[in-house]
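Everything in the sequence shown is counted per my numbering, starting at 9 for the first residue and increasing by one. All C-beta atoms, glycine included, are put in the ideal place defined by N, C-alpha and C. Worksheet: the structure to be examined is printed underneath.
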Amino acid sequence: MSEKRRDSRGRILRNGEIQMADGKYRYKYKDLFGETKYAYSWRLDKNDRIPTGRKMEPSLREKEKQIAADIFDKIVPEGGGLTVAGLVEKYVSLKTGVRPTTEAGYKTVLNLLRKEKFGEERIDRVKISDAKQWLIQLQKNGRGFSTIRTIRGILRPAFQMAVDDDLIRKNPFGFELATVIYNDSVTREALTREQERRFLKFVKEDSHFRKYYDGIYILFHTGLRISEFVGLTRKDIDFENGKINVDHQLQRYAEIGYQIVEPKTESGVRQVPMTPEVAECFRKIIKNRKKPKAEPMIDGYTGFLYLDKNGMPMVALHWEKYFKHICEKYNKIYRVQMPKVTPHVCRHTFCSKMAAARMNPKTLQYIMGHSDIGVTLNTYTHLGFDEASEEMRRVSGN
């Protein structure tokens, strides 16, 4: 009987195990495809001490156990050789028919990964702690929460695809983002009724900004998304039945230009009721609209309500700038400052007003074009003591 092989400490070595001349342990095995592979470690057992100056890593037998489990579960060795950037490229290549904004997001993340060392990491070597640390570093380098959320929103499904394809066992991006990085996004709060009144009064009386009053009034009193509003044409305003037909949005992209896209969700296709005041604002806009030399047409749509100095439809960016300049001018004049107001704040303000007026949540969900009632119901959490007190009196009959 041949003598069993032992290490320098006299421990019996198993098949495939050897201790090399420098003291390091090696395990020889055949992978899922029958190819000879090697695993190394400075420790044989998990209870062994790490030699001075050596990096902490699993012991050889811990690695052997993982290798055996991977082979049994048919996990592809070494993550199929894919790097993080390579995995995302593969994931993106399978996404067809996406919106231009989504496609632009894919390109941004890919460009980032091609520059970052993290993008060169092999996917089977990425641990949860590595993923967290990378996102933390992105925030330290100046990336905002919303940007990082977009990045993670692509990496998480990409790694899940790798899990589903048996390239890795666990998705390292499966954690909640808010538990890792600080949410530095600016909360878009609704304006109070007094703030809304003062804002609209200022716009209406200002010699320069009053030309935008009707449009801003409509945004405050319909809850339309700004991309829906700028996409409206004269045909979308049904004065006879008092409604606004919303079935498209207008977007402008740096590489593509103007484009008509479908609403954000299927629920975005809707008919928004008009008050007499809103209808009057639309009449004024149409009446005062300057006739361009050539009526612009975008993907078959024509008759846009607001045109820029070049005779092209105004887009969301125009209105974002108008609101910014209005707030800046207002705050230079008045001691009581106006908070940040954007087209989305108008939408949020409208939703909050309707919630405060106890509009049926399902009705409000329809008007807002929310696909999830939870989004609408979250608006009700913004109500304060006065609304709660009034509702208590109404329910109790006092």
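| Asked | Found |
| --- | --- |
| For Ile162, the first and last residue of its enclosing alpha helix (DSSP H) | 153-172 |
| Cβ-based burial, Tyr330 [other Cβ within 10 Å; buried from 16] | buried |
| At least three beta-carbon pairs within less than 8 Å, the segment 81-100 to the segment 157-175 | yes |
| Three-state class that DSSP yields for Lys36 in the structure shown | strand |
| Residue(s) in a DSSP beta bridge with Ser67 | Answer by DSSP bridge pairing: none, since Ser67 is not bridged. |
| For Thr389, three-class secondary structure by DSSP | A caution first: Thr389 carries a pLDDT of 49, below 50, which makes its placement in the model unreliable, though a value can still be read off. Thr389 falls in the coil class under three-state DSSP. |
| N-terminal and C-terminal residue of the alpha helix (DSSP H) that Gln203 is part of | 201-213 |
| Pick from Lys292, Cys289, Ile306 that is closest to His256, judged by C-alpha positions | Ile306 |
| Of the residues Cys359, Asp78, Arg218, the one placed nearest Arg292, counting alpha carbons only | The displayed chain sequence assigns Lys, not Arg, to residue 292. Per the Cα distances, Arg218. |
| Ile226 to Cys289 span [Cα, whole Å] | 7 Å |
| Extent of the continuous beta strand (DSSP E) run through Ser49 | 44-49 |
| Closest by C-alpha distance to Lys82, when choosing among Cys359, Arg177, Ser235 | Arg177 |
| As assigned by DSSP and simplified to three states, the class of Asn318 | coil |
| Sheet register partners of Gly265 (DSSP bridge) | Tyr261 |
| Counterpart residues of Arg130 in DSSP-defined beta bridges | Thr91 |
| Local conformation of Arg278 per DSSP, three classes | strand |
| Sufficient close CB pairs (3 or more, under 8 Å) joining the segment 205-212 to the segment 242-257 | no |
| Proximity of Ile156 and Ile189 at Cβ, strictly below 8 Å | yes |
| Host beta strand (DSSP E) of Ile252 (start-end) | 251-254 |
| Selection from Val349, Arg343, Val277 that minimises the alpha carbon distance to Ile334 | Val349 |
| Delimiting residues of the beta strand (DSSP E) encompassing Glu25 | 25-27 |
| Limits of the unbroken alpha helix (DSSP H) element including Ser235 | 234-239 |
| Cβ-based neighbour list, Tyr261, same chain, cut-off 8 Å, excluding 5 preceding and 5 following | Pro108, Thr109, Ala112, Gln267 |
| Glu285 beta carbon less than 8 Å from that of His229 | yes |
| Thr116 versus Leu325 - alpha carbon distance | 20 Å |
| Reduced DSSP secondary structure (H/G/I, E/B, other) of Ile79 | helix |
| Backbone secondary structure at Asp246 - three-state DSSP | strand |
| Bridge-paired residues (DSSP) for Arg14 | Ile20 |
| Through-space distance from Lys12 to Asn23, alpha-carbon basis | 10 Å |
| Cα-Cα separation, Gly18 to Leu52 | 12 Å |
| Contact check, Trp50 vs Arg62, beta carbons under 8 Å | yes |
| Classification of Gln373 by the beta-carbon crowding that lies within 10 angstroms, buried from 16 upward | buried |
| Beta-bridge partners of Ile306, as assigned by DSSP | Tyr309 |
| Continuous alpha helix (DSSP H) stretch holding Arg360: start and end | Reading off the sequence shown, one finds Ser at residue 360, where the question assumed Arg. Where Ser360 is concerned, the enclosing alpha helix (DSSP H) stretches over 351-364. |
| Of the listed residues Glu303, Pro321, Tyr220, Phe153, nearest to Ser235 (C-alpha basis) | Pro321 |
| Cβ neighbours of Glu129 in the same chain (closer than 8 Å, five flanking residues each side left out) | Thr91, Val92, Asp138 |
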